[in-house]
Amino acid sequence: MGESRRVSRARRRGLLLACLLFLAALAAAGADEARRRFSPTADEADHVAQARFVRSGGPVPPKLEQPGVLLVLAGSALPPDPHASAPEEVRAARRPFPLLFGALVLVSGAWAARRSGAAAGIAVTALLVLDPTLRGHGALVKTDVPVALFLVASAAALDLGLSQARRPRALLLLCASGASYGLALATKASAAAFLPLFLAAALPGLLARRRRAGAGIAALLVPAAAVLLAVQAFAFRSVPRESIRAAATRMFRTMPEPAPARERILASAPKGIAAWAGGADYLRRRGRPGKWLNYLNAEVRGGGFLLYYPVALLVKLPVGTLALCLGAPLALLAAWGRASPLRRRRLLRLARGRAVLPGFLGLSWIALMSVAPINIGVRYGLPGAVLLVVSAAGILATALRGTRWRVGVPALLVLATAAEALAFRGREISFGNLLAGGPSGLRRVLTDSNVEWGQEQERMFARASAGDLGRVAVVAPYVDAELARRAGVAWISRAEEAGDAVFVSTFAWDLAHALARWDEGPRYPWIAYVRSWMVPLVLGLEERASSVEPFGDGYLLLRLRPAPTG
Numbered sequence: 198m199g200e201s202r203r204v205s206r207a208r209r210r211g212l213l214l215a216c217l218l219f220l221a222a223l224a225a226a227g228a229d230e231a232r233r234r235f236s237p238t239a240d241e242a243d244h245v246a247q248a249r250f251v252r253s254g255g256p257v258p259p260k261l262e263q264p265g266v267l268l269v270l271a272g273s274a275l276p277p278d279p280h281a282s283a284p285e286e287v288r289a290a291r292r293p294f295p296l297l298f299g300a301l302v303l304v305s306g307a308w309a310a311r312r313s314g315a316a317a318g319i320a321v322t323a324l325l326v327l328d329p330t331l332r333g334h335g336a337l338v339k340t341d342v343p344v345a346l347f348l349v350a351s352a353a354a355l356d357l358g359l360s361q362a363r364r365p366r367a368l369l370l371l372c373a374s375g376a377s378y379g380l381a382l383a384t385k386a387s388a389a390a391f392l393p394l395f396l397a398a399a400l401p402g403l404l405a406r407r408r409r410a411g412a413g414i415a416a417l418l419v420p421a422a423a424v425l426l427a428v429q430a431f432a433f434r435s436v437p438r439e440s441i442r443a444a445a446t447r448m449f450r451t452m453p454e455p456a457p458a459r460e461r462i463l464a465s466a467p468k469g470i471a472a473w474a475g476g477a478d479y480l481r482r483r484g485r486p487g488k489w490l491n492y493l494n495a496e497v498r499g500g501g502f503l504l505y506y507p508v509a510l511l512v513k514l515p516v517g518t519l520a521l522c523l524g525a526p527l528a529l530l531a532a533w534g535r536a537s538p539l540r541r542r543r544l545l546r547l548a549r550g551r552a553v554l555p556g557f558l559g560l561s562w563i564a565l566m567s568v569a570p571i572n573i574g575v576r577y578g579l580p581g582a583v584l585l586v587v588s589a590a591g592i593l594a595t596a597l598r599g600t601r602w603r604v605g606v607p608a609l610l611v612l613a614t615a616a617e618a619l620a621f622r623g624r625e626i627s628f629g630n631l632l633a634g635g636p637s638g639l640r641r642v643l644t645d646s647n648v649e650w651g652q653e654q655e656r657m658f659a660r661a662s663a664g665d666l667g668r669v670a671v672v673a674p675y676v677d678a679e680l681a682r683r684a685g686v687a688w689i690s691r692a693e694e695a696g697d698a699v700f701v702s703t704f705a706w707d708l709a710h711a712l713a714r715w716d717e718g719p720r721y722p723w724i725a726y727v728r729s730w731m732v733p734l735v736l737g738l739e740e741r742a743s744s745v746e747p748f749g750d751g752y753l754l755l756r757l758r759p760a761p762t763g
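Residue 198 is where the sequence shown starts when you use the working numbering, and the numbers rise one by one after that.
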């Protein structure tokens with residue numbers, strides 16, 4: 198009988214693993230399809246240029262602010278010689294990133310399955326596979342999905358390590374957690390700001406076993422530092438220090454504030470760490486209030502919105518995922534109210550083991566992003582969103598009794614998400630859920646990389662080249678110069694420069710109308726400067742327009758009356 202049970206348990210585990218691997222493969226395939234379909238998005242060409250420089254040398258790029266993981270991944274997929282076409286160069290560099298999205302799906306689902314059961318694990322995996330926003334950003338040469346992968350993997354290893362009774366295995370898992378956190382640091386410098394909160398999540402478990410506390414903290418921090426050093430050293434092994442300093446000089450040219458500590462690091466630290474510190478300081482200075490156009494509910498602020506990320510997740514998460522995250526705590530409260538005292542203690546113990554760590558880390562990440570003065574896309578909140586999904590799945594598995602409920606309710610949530618994703622297929626970046634009114638209604642709440650990021654450029658330029666629109670211009674925060682030149686489309690800065698038709702990105706359109714109402718005065722000079730030319734440009738084009746037609750989710754096609762003369 199015992200042998201039969203072991204075989205049956207091993208078979209179930211094998212089936213679960215096969216299911217998770219299949220779903221992860223679907224995730225990678227979906228992101229790879231988006232990789233080939235999307236035009237180059239904002240900053241991708243810059244990231245690819247940095248990756249090629251780090252890999253092969255050549256002219257020093259204007260910026261060198263990205264940490265090593267992105268540069269190594271993108272550089273590994275580039276051919277020895279640059280593509281003749283810049284868009285194809287970007288598409289080539291994207292190749293590894295869908296695999297990281299698949300890995301994020303697999304790690305999240307396996308963690309949920311380990312803690313909360315097979316049904317929870319499969320539900321988490323399926324919900325992440327179906328999430329259009331995650332899939333779209335998982336296709337790009339960006340840090341958002343990779344850092345989510347490494348933070349979630351670090352949290353999963355930490356959770357499993359704290360639950361181990363055997364000291365060697367616990368320390369091994371804590372070392373794995375630290376190493377994964379080191380990869381997060383080598384992916385996105387802002388992960389450093391999250392480290393105190395991550396350690397705060399680990400401390401209760403470490404202090405519960407006092408003999409392990411010191412060794413546990415060391416097992417987290419030492420591998421993290423070692424991995425960061427190793428990745429940065431590998432990424433910048435062929436880059437002369439003079440090139441790193443030259444790039445830093447260019448980056449900080451418009452930021453003349455003295456920074457003696459940064460200069461000492463650039464001069465004497467290992468090259469990889471010098472590049473990491475310089476990039477981190479550059480991004481920190483660029484992240485000050487007034488350096489970004491933060492948009493929410495048709496309003497622009499220089500200092501950001503405290504509720505930006507909660508609102509963004511409310512309208513960007515699929516309805517099934519949203520129902521899980523909001524409904525699971527209510528289900529647990531209902532179960533608590535009906536339970537006996539003994540059952541309540543069991544519910545508390547299960548919920549603590551399954552949901553507290555990912556829930557605390559997810560909410561902490563969202564809170565950290567919310568107090569930052571940069572609100573330019575839900576993508577910054579993706580690590581927190583994934584952690585909250587894992588936590589909510591654990592809460593729901595705790596609240597529901599009986600196999601039918603534990604399987605049936607998650608299955609309904611997955612089916613609802615699948616139906617919504619199918620209805621809005623092909624609109625990953627601009628996806629808005631049913632609460633937002635779909636992608637077309639999302640612009641009432643959000644813009645920027647939530648809607649238009651350049652992903653539809655080639656389709657727009659193909660329409661401009663058809664020949665029936667006359668002289669065509671474009672107004673967009675990001676335009677690929679090569680694509681515009683080939684299509685014969687000019688980027689304009691004054692309404693009088695437009696000919697017969699103009700494509701205006703929905704981002705620029707929404708931003709201009711919000712800036713027209715902007716009232717923060719001289720507090721933020723850069724925003725005032727952007728307002729001084731963007732508002733007359735877009736409103737002037739709107740006044741000249743004989744018709745305004747949506748073109749996809751990212752652009753509006755304005756057919757223009759002749760410009761007034763005299």
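For glycine and all other residues, C-beta sits at the position ideal for the given N, C-alpha and C.
For clarity, every value in this text was computed on a predicted model and none was experimentally measured.
Using CA atoms only, rank isn't needed, just tell me which of the options is closest to residue i.
{"i": "L296", "options": "Q652, G306, A221 and G623", "result": "A221"}
{"i": "F391", "options": "S561, S377, S374 and P258", "result": "S561"}
{"i": "A347", "options": "A615, R683, D645 and L579", "result": "The identity of residue 347 in the sequence shown is Phe, whereas the question assumes Ala. Minimum Cα distance to F347 is reached at L579."}
{"i": "A168", "options": "A315, A421, V671 and G634", "result": "The structure shown does not extend to residue 168, since the chain is modelled only from 198 through 763, so no value can be given for it."}
{"i": "S253", "options": "A383, F433, A711 and L368", "result": "F433"}
{"i": "D341", "options": "L403, R682, A388 and V321", "result": "A388"}
{"i": "L632", "options": "L382, E617 and A307", "result": "E617"}
{"i": "L218", "options": "L303, A323 and A596", "result": "L303"}
{"i": "D278", "options": "E454, L268 and A289", "result": "A289"}
{"i": "A231", "options": "A239, S205 and F294", "result": "F294"}
{"i": "R498", "options": "G737, W715, L212 and Q263", "result": "W715"}
{"i": "P486", "options": "S205, G751, I724 and F235", "result": "I724"}
{"i": "V575", "options": "P555, A317 and E625", "result": "E625"}
{"i": "E454", "options": "A464, R483 and A608", "result": "R483"}
{"i": "A224", "options": "Q263, V553, L325 and A352", "result": "L325"}
{"i": "I462", "options": "M452, A445 and T451", "result": "A445"}
{"i": "G517", "options": "A552, F557 and V586", "result": "V586"}
What is the DSSP secondary structure of residue i, reduced to helix, strand or coil?
{"i": "L784", "result": "Residue 784 falls outside the range modelled here, since the chain spans only 198 to 763, and no answer is possible."}
{"i": "W650", "result": "coil"}
{"i": "S743", "result": "strand"}
{"i": "W688", "result": "strand"}
{"i": "A433", "result": "Going by the sequence as given, residue 433 is Phe instead of Ala. Three-state DSSP puts F433 in coil, outside helix and strand."}
{"i": "Q247", "result": "helix"}
{"i": "T614", "result": "helix"}
{"i": "K468", "result": "helix"}
{"i": "H280", "result": "coil"}
{"i": "P258", "result": "coil"}
{"i": "R641", "result": "coil"}
{"i": "E285", "result": "helix"}
{"i": "S764", "result": "Absent from the structure is residue 764, since the part of the chain shown begins at 198 and ends at 763."}
{"i": "F298", "result": "helix"}
{"i": "W723", "result": "helix"}
{"i": "I573", "result": "coil"}
{"i": "R363", "result": "coil"}
Hey, quick one: how far does the beta strand (DSSP E) through residue i stretch, first residue to last?
{"i": "S627", "result": "It is not in any beta strand (DSSP E) - S627 carries neither H nor E in the DSSP assignment."}
{"i": "F700", "result": "A698 to S702"}
{"i": "A670", "result": "V669 to V672"}
Determine the burial state of residue i: buried for a count of at least 16 other Cβ atoms within 10 Å of its Cβ, exposed for fewer.
{"i": "F395", "result": "buried"}
{"i": "G255", "result": "exposed"}
{"i": "V436", "result": "buried"}
{"i": "S588", "result": "buried"}
{"i": "E286", "result": "buried"}
{"i": "N572", "result": "buried"}
{"i": "D478", "result": "buried"}
{"i": "I458", "result": "In the sequence under discussion, the amino acid at residue 458 is Ala, which differs from the Ile named in the question. A458 is exposed by the Cβ-count criterion."}
{"i": "L612", "result": "exposed"}
In the DSSP output, what is residue i paired with across the bridge?
{"i": "L493", "result": "E496"}
{"i": "F177", "result": "With the chain covering 198 to 763 only, the question about residue 177 has no answer from this structure."}
How would you write the range of the alpha helix (DSSP H) that residue i sits in, first residue to last?
{"i": "I592", "result": "L579 to A596"}
{"i": "R461", "result": "P457 to S465"}
{"i": "A445", "result": "R438 to M448"}
{"i": "I563", "result": "L554 to V568"}
{"i": "Y675", "result": "Element bounds for Y675: n/a, residue is neither H nor E."}
{"i": "G358", "result": "D341 to L359"}
{"i": "K513", "result": "Y505 to K513"}
{"i": "T330", "result": "P329 to H334"}
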